[in-house]
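Data block below; observations after.
Residue numbers (my numbering): 394 to 1479.
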């Protein structure tokens, strides 16, 4: 009993931290709920599949069509292993709570021991413990920590939990570079690896560590430390000859960090150097990157930065009570009381005093964190005098704005950490000025004057001051003990039907693909209504389902995934059943998962669930009326409802193309020009499977007999078809059209460039074209006139000319004559809006508001026709106008994009932007054109809007035009679906396939891998020991290789398909052997 009492007395400060932490756990855990929502990792839903995904992380097969991992997916491996072990005793719904709670405790204890063992080592034991305790409580109770855990995500929680331990391990090794301390440092870094799931968080850690070590060396710590590192120094002697002992230690530290993280870091660097443009150019990031930077800037003034208050305080969404409100509403209300903001400023000021005390007492171990604090605070205070200019320079660097588009989430924890360090210093210095039994009072004259006016020396005074400063951070954020640590919507009661879905797919072929619906928007964000609870987030289904899911959350990492969305969305919302089926076939979708729990706040019609149901389960009698009985039966077998779990329905799709384990054989595929972005693949509907090439880049068809290619002999499939207007899609941004649009006053010209080699090709006009796309309806008499487009070509371009149509199906709008009024549609902002009528245009102004006064209601436009929308505008300052086309039938934004951003604000003329709205559902009617002038924070947005026109265009005529030498391509493409049964496939992991082809291989056959095309995929012929060089795109998204005809058809041919960047991860694991050998060699020299 006495020993226990002594142990408690000795470790009272640690026990105090644990008690406070336990209070947080008790008040914030909600039984029978999952901590889920927003961005989350749910490996506990199925550890086996998620561990495998982390172990083979370079190719993320489960993400839609497959993609190169752009995040540090492999970094989650060790965390998942630890959670899997914990799952042996913990209920599944508590595992994620347990993890984030444990990170809170880890971070608090970590900074305690960092302060006590190193930063405050010069002070008395009494001062060290109280200072360390104060720093730990500050680190636990600050707005940076709160906002990181409020919408808990694993990478940020790990960063919080292990950042102090990482520095503790560094200092421990620097002080005594022994084998034991080296091992401790390695183990800490292994446990902290998961912060690399978001690579920029790891980058922040490395930047901070670099500054700390630079300061450590500069301040001359090397002479203070023990130098007996002979047991490991010999290992580095050939490399580090002539370097100082401290420099060798620093190099060893960074070498260890690299070796520990290489298995996820090297593949991630491959992505950065090769595919980062995919991420920066994704539609979601095109729309959000600038907004995110502006929201960070809005909270980048000093008053918010000093409080560590970020943009999370501004985010709003639909709440459980049905109203739209701040996600941090309770905390917004909490800080309406100015006393709590005052406490926050006091805490910041006391930390600044800690910096001053560190300088006056020459506390070198504290001062090494001063450059780190300045770095981190610079990113937070990005709109503060003294920091703004540096931020402006940094964000002009290539990729910098994309990497740090959320600077608050990356640097708020680091800032809180540094402030906590100096808060601990402040407390220790203050306590050193008190007389304490058994301790020496500091006689440092540089500090003592701070306390001259205080009645120091009494125990009551001392304890009062100590408790005041200890409790101050807790008082600052006391609602944490009212259950406000986590967002209330993240305490989710996930319905049992989702776990039944998980169980269903456990028994299905893992190498099949799922398309989930509804998907009313391109944003990778889904809202659910689960009875009395609303839920929102980036998604969770794939953590419990092994099959790939075509969800929007993955579009930011893959052009092919995003293109699938544009195509399937157009097919669905135009109610085109044939096109819908073609897309499922093209992307080889095997399942449809229709979730009736999904909602779309503000536009429920956009879910299109009833229309989707009709599309999937078309009445057979209606089909029979339009066709024969057999075709109706065939259609019924194409889509089959196989399971219903609550509001979730699962349909099975019977594909025409036989695909085994994502591999199949094609034959006699024609060559079609590719497109980068589009929502309508006319070629696939007319021809079927095809080979894609980019003719405008000078790419040649993938056949021939030169030395660099495999000779495929008599290749009749070299016939090529060229669609001049392959894509007229403008759903992403205004400058991506491959064609030129010219306004000649009374007519419009669409011009498409023609590549070399098509001089002798014939222009094939659309078959059965009815000429009813260009319709002029007189608004008085309703008299109808039809017009036909004309074609012209000069050998280099193909032009389609058609007249400007007037009447009911067109619009010419002069906004200055529309009696527009400035309206602020941002109900959470009290900013300023303005609208000024000028000659032939309007000037829209907004500051910290959304001026949505420029809207134009066009109820008579029939959706069965396509339209060219042009808008003349000029961006003077701030964000350009956001144009979105509202479909009045389903309330969906059919088009949404920013107008051109003018680099030369002094230019007088307006710039015309063009948008193409394709034909939609025949029964749809009416559009509204919106031009929103958006300002975020203090940056004013000023734009001028001039003439707007809406004109019918011959969309089907344009997209059907083709240049060809053959007339019946469809018949040449029928063999593609007949070859899959001759394949034997082994697919042990996402990056590897072993394909055995039995029977004859003809010269025109193509081996096709149904994964997103990437140059990292290679095909190796085991029989000839050769890499197949002819690697190309099939159907504008997947991989294909031309096979060499076999001379011995009775013998099987074996091919290995592998994604070679996966070997970068294997190489990274190999670096752990370097660490082991390094440690063993050091041990053997003992």
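Think of the CB as a built atom: it goes at the ideal place given N, C-alpha and C, for glycine as much as any other residue.
Per DSSP, residue 1186 is one residue of the beta strand (DSSP E) stretching across 1183-1186. Sequence-distant Cβ neighbours of residue 951 in its own chain, meaning closer than 6 Å and more than five residues away, are 460 and 1405.
No Cβ-Cβ contact shorter than 8 Å links residue 719 with residue 704. Here residue 1044 carries a strand assignment [DSSP, helix/strand/coil]. One thing to note: residue 586 has its Cβ within 8 Å of the Cβ of residue 468. The three-state reading of DSSP puts residue 1404 in strand, counting E and B together. Shown here, residue 1313 sits in coil according to DSSP, grouped into three states, outside any helix or strand. The C-alpha of residue 1394 lies about 57 Å from the C-alpha of residue 578. According to DSSP, residue 1064 shares a beta bridge with 1084 and 1113. Per DSSP, residue 1253 is one residue of the beta strand (DSSP E) stretching across 1243-1255.
A direct Cα-Cα distance of roughly 10 Å separates residue 445 from residue 939.
Using a Cβ-Cβ distance cut-off of 8 Å, the stretch 556-572 and the stretch 634-651 are in contact, since at least three pairs of beta carbons, one from each stretch, lie closer than that value. If you draw a straight line from the Cα of residue 1229 to the Cα of residue 1268, it is about 15 Å long. Contact between residue 1356 and residue 1341 is absent: CB atoms are separated by about 35 Å, not below the 8 Å threshold. A distance below 6 Å between beta-carbons, with the five flanking residues on each side excluded, links residue 655 to the following residues of its chain, in chain order: 1461 and 1464. Counting only the Cα atoms, residue 1399 lies some 23 Å from residue 1454. Assignment of residue 528 by DSSP, reduced to helix, strand and coil, places it in the helix class. Ranking 1153, 515 and 504 by CA distance to the CA of residue 527 puts 504 first. Proximity to residue 590 across 522, 517 and 447 peaks at 447, based on C-alpha coordinates. Remark: fewer than three beta-carbon pairs, one from each stretch, lie closer than 8 Å, so the stretch 991-1010 and the stretch 1054-1071 are not flagged as touching. In the three-state scheme derived from DSSP, where H, G and I count as helix and E and B as strand, residue 1357 is classed as strand. In the DSSP annotation of this structure, the continuous segment of the alpha helix (DSSP H) that includes residue 610 starts and ends at 592-611. Nearest in C-alpha terms to residue 730, of all of 652, 1165, 545 and 870, is 870.
In terms of Cβ geometry, residue 546 and residue 433 form a close pair [threshold 8 Å]. By the criterion of a C-beta distance shorter than 7 Å, residue 809 is surrounded in its chain by 532, 535, 537, 538 and 701, once the five residues flanking it on both sides are discounted.
DSSP, reduced to helix, strand and coil, places residue 884 within a strand of the structure shown. Counted as a single uninterrupted DSSP element, the beta strand (DSSP E) harbouring residue 929 occupies residues 926-930. Under the DSSP assignment, residue 399 falls outside any beta strand (DSSP E), being part of the alpha helix (DSSP H) whose first and last residues are 395-403. DSSP places residue 1033 in the uninterrupted beta strand (DSSP E) bounded by 1032-1038. Rounded to the nearest angstrom, the gap between the Cα atoms of residue 1308 and residue 796 is 30 Å. Contact between the stretch 890-907 and the stretch 952-964 is not established, with fewer than three Cβ pairs separated by less than 8 Å. In the same chain as residue 666, and ignoring 5 residues on each side of it, no C-beta atom comes closer than 7 Å to its own. Rounded to the nearest whole angstrom, the C-alpha separation of residue 907 and residue 983 is 6 Å. Excluding sequence positions up to five before and after residue 1385, its CB lies within less than 7 Å of the CB of 1451, all in the same chain and listed in chain order. One alpha carbon belongs to residue 1063, the other to residue 1327, and they sit about 47 Å apart. In the DSSP assignment, residue 1140 forms a beta bridge with 1196.
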